[in-house]
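Visitor: Just dropping this structure here.
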Amino acid sequence: MINVLFSARASQWAEYEPHLRKAFADNDLTVNLATDHQAGDVDYIVFAPSGPVSDFTPYTKTKAVLGLWAGVESIVTNTTLTQPLARMVDEGLTRGMVEWVTGHVLRHHLGMDQHILHQDGAWDDTPPPLAKDRRVTVLGMGALGAACAQTLAGLGFPITGWSRSAKAIDGVTCLHGDDGLKTALQTADIMVLLLPLTDATENVIDADALALMPKGAVIINPGRGPLIDDEALLDALNSGQIGHATLDVFRIEPLPQDHAFWAHPNVTVTPHIASTTRADTASQVIAANIAGVERGAPLQHKVDRDAGY
Ligand code: NAP
């Protein structure tokens, strides 16, 4: 019998329990799944930072902590967490992000606001450009960034992707390192941020980075708020260097009511809804990962504590 502790928001238990039980059965695992195991008996923890466990010290026989979130910046700094940690890579989460990013890229590419918001009787029949004439850069070529890049490439956008290590992804011009970032910024008519928040990525979009982008470029940030220097972005929006910013994530969430982003005419605020982990698909990922570890396979999607993601 494998003891699995579910430690997430209480309201998520009802959502996840049936899917986890089915996924464990699908993977031929005999599991005692509960929210209240004795710490010393727990083999695996299904974990969200919003749940009750924050001190991992008593979980002495726990073989792995399986996160429900893709972003782990609030977990990697927990010094009591010495057990291996897996972040969430979930097809449902990925498809949600691809749909959100594609929708917002197309909004800006097609200039939809002009027609949705300005029904003023003016008949301007200028057609929008084709995707092939709009360069899109995606910073972060991980589970989410690569999927978004490939979908946008499939629509015909010339796509540049940037990551820490060198990559080869069909249909995407892959760059890495400081020189790669410079080129990625210079060719970003629309830029999508799907980097994790680490010491190395905080403020990656600062005043210098914004100045390298084509005038009037659009920024779409479903990654993490601190990737962007807020003041530098506001300056760039006010000067017209950046045409629009669609922001899903912020340094403080919920975004304070008096934050300048809410009132800025060229900022769209969405309330951290770009995508979320889906209980049905994520439960299968968790069960398959546990089944693999039980068979002696390495933990999948293991977080590199030194890199911070
Ligand atoms: P991931 O698979 O870990 O991918 C991260 C990517 O960023 C990798 O390509 C990595 O490069 C690159 N990277 C990391 N540090 C870098 C650096 N210093 N310089 C250049 N590239 C760097 O993560 P993911 O699953 O795609 O998720 C990305 C982020 O999306 C999460 O961390 C989270 O913050 C955010 N997110 C937001 C929402 C939302 O609803 N808004 C939902 C889910 C996730 P390598 O490939 O070389 O390692």
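Convert by adding 25 to the 1-based position in the sequence shown; the result is the number in the numbering used here. Just so it is clear, CB atoms sit at the ideal spot from N, CA and C, and this is done for glycine as well. Since we're looking at a predicted model, the values are computed, not measured.
Does the stretch 286-295 come close enough to the stretch 90-99 that 3 or more CB-CB pairs lie under 8 Å?
Guide: no
Visitor: If we ignore side chains and look at the alpha-carbon of each, how far apart do Pro4 and Pro251 end up?
Guide: Outside the shown range of the chain (26 to 334) lies residue 4, about which nothing can therefore be said.
Visitor: Can you tell me where the alpha helix (DSSP H) holding Leu45 begins and where it ends?
Guide: On the sequence shown, position 20 is the one that residue 45 refers to. That run of the alpha helix (DSSP H) goes 35-51.
Visitor: Closer than 8 Å is the cut-off here; do at least three beta carbon pairs connect the stretch 290-309 with the stretch 113-125?
Guide: yes
Visitor: Alpha carbon to alpha carbon, how far is Leu206 from Asp61? Give it in angstroms, no decimals.
Guide: The count along the sequence shown starts at 1 and reaches residue 61 at position 36. The count along the sequence shown starts at 1 and reaches residue 206 at position 181. Approximately 47 Å between the Cα atoms of the pair.
Visitor: Give a yes or no on contact between the stretch 255-264 and the stretch 223-235, applying the rule of three or more CB pairs nearer than 8 Å.
Guide: Result yes; three or more Cβ-Cβ pairs closer than 8 Å.
Visitor: Which two residues bound the contiguous beta strand (DSSP E) that contains Ser188?
Guide: Stepping through the sequence shown from its first residue, residue 188 is reached at position 163. Membership of Ser188 in the beta strand (DSSP E) is indicated by the continuous run 184-188.
Visitor: Using 8 Å as the threshold, is the C-beta distance between Ile70 and Leu91 below it?
Guide: The residue given as residue 70 occupies position 45 in the sequence shown. The residue given as residue 91 occupies position 66 in the sequence shown. Yes, Cβ-Cβ distance for Ile70 and Leu91 is below 8 Å.
Visitor: With H, G and I counted as helix, E and B as strand and the rest as coil, what does DSSP make of Ile215?
Guide: To locate residue 215, count along the sequence shown from 1; it is residue 190. If DSSP states are grouped into helix, strand and coil, Ile215 belongs with the strands.
Visitor: Which term fits Pro43, buried or exposed, when burial requires 16 or more other beta carbons within 10 angstroms of its beta carbon?
Guide: For this step, residue 43 is matched to residue 18 along the sequence shown. Under this definition Pro43 is an exposed residue.
Visitor: Roughly how many angstroms lie between the CA atoms of Ser264 and Ala270, to the nearest whole one?
Guide: Working through the sequence shown from its first residue, we reach residue 264 at position 239. Working through the sequence shown from its first residue, we reach residue 270 at position 245. Ser264 and Ala270 have their C-alpha atoms some 13 Å from each other.
Visitor: Along the beta strand (DSSP E) that carries Thr162, what are the first and last residues, could you check?
Guide: Counted from its first residue, the sequence shown places residue 162 at position 137. Element bounds for Thr162: 161-164.
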